[in-house]
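With our numbering as the guide, the letters of the sequence shown map in order to residues 28 to 165. Presented below is the structure to which this report refers.
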Amino acid sequence: MKFPTPLLVHYGVTVVKAIAIGVSGWVLAVIGGKIVKRLLGQIEGLRKQGNLPENAGRLVYYFILLATIVAVLETVGLRYVTEPFIDFLNKIVNYLPNAIGAGVILLIGTFLAKIAKEFVSSFFETFRIEEFSKKYGI
28 MKFPTPLLVH YGVTVVKAIA IGVSGWVLAV IGGKIVKRLL GQIEGLRKQG
78 NLPENAGRLV YYFILLATIV AVLETVGLRY VTEPFIDFLN KIVNYLPNAI
128 GAGVILLIGT FLAKIAKEFV SSFFETFRIE EFSKKYGI
């Protein structure tokens, strides 16, 4: 019996490519998750929010891992399986600018609130508002 060598070579190369994509994607997911966790952990306001940096790191990890799984399945040739995942990833990627914009607006709002707090407290100290309220019973 004669072995179908070209077919075995083709499937062997496909499997090696899928494993290489899977391993490199997993490594990128781990690194990406740790980078996001570390970067968000350095922001003082986000550190106070509990495990927000850790959850954001996990979210990035799973997003990259999902993209890696889709790439591996595409390499193997399971396009019908990957179509729903590709649609899902496209929806997530289309939503990201809105989420990033909301985060930026939140950070700017927090910064402006701190400035307003300092302004109001210095205003009260300058005009001795507390003394007036105690003096006149307000």
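Backbone N, C-alpha and C fix where the C-beta goes; we use that ideal spot for every residue, glycine too.
Asked                                                                                  : Found
Residue from N121, A45, Q69 and L92 whose Cα sits closest to the Cα of V57             : L92
Cβ-Cβ separation, A98 to I48 (assumed contact under 8 angstroms), whole Å              : 5 angstroms
Exposure of Y166, with buried meaning 16 or more beta-carbon neighbours within 10 Å    : Residue 166 lies beyond the stretch modelled for the chain, which goes from 28 to 165, so this question has no answer here.
Cβ-Cβ separation, A83 to L67 (assumed contact under 8 angstroms), whole Å              : 5 angstroms
Assigned exposure category for K64 - 16 Cβ within 10 Å defines buried                  : buried
When T41, V36 and L35 are compared against G104, the one with the closest alpha-carbon : T41
Where the alpha helix (DSSP H) containing K75 begins and where it ends                 : Neither: K75 is in no alpha helix (DSSP H) and is coded neither H nor E.
Beta-carbon proximity check, A227 vs T102, cutoff 8 angstroms                          : The question about residue 227 has no answer here: the residues shown for the chain are numbered 28 through 165.
Beta-carbon gap between G52 and Y88 smaller than 8 angstroms                           : no
L67, DSSP secondary structure in three states                                          : helix
Distance between L134 and F112 (C-alpha atoms, nearest Å)                              : 32 angstroms
Local conformation of L105 per DSSP, three classes                                     : coil
Coarse secondary structure for R85, derived from DSSP in three states                  : helix
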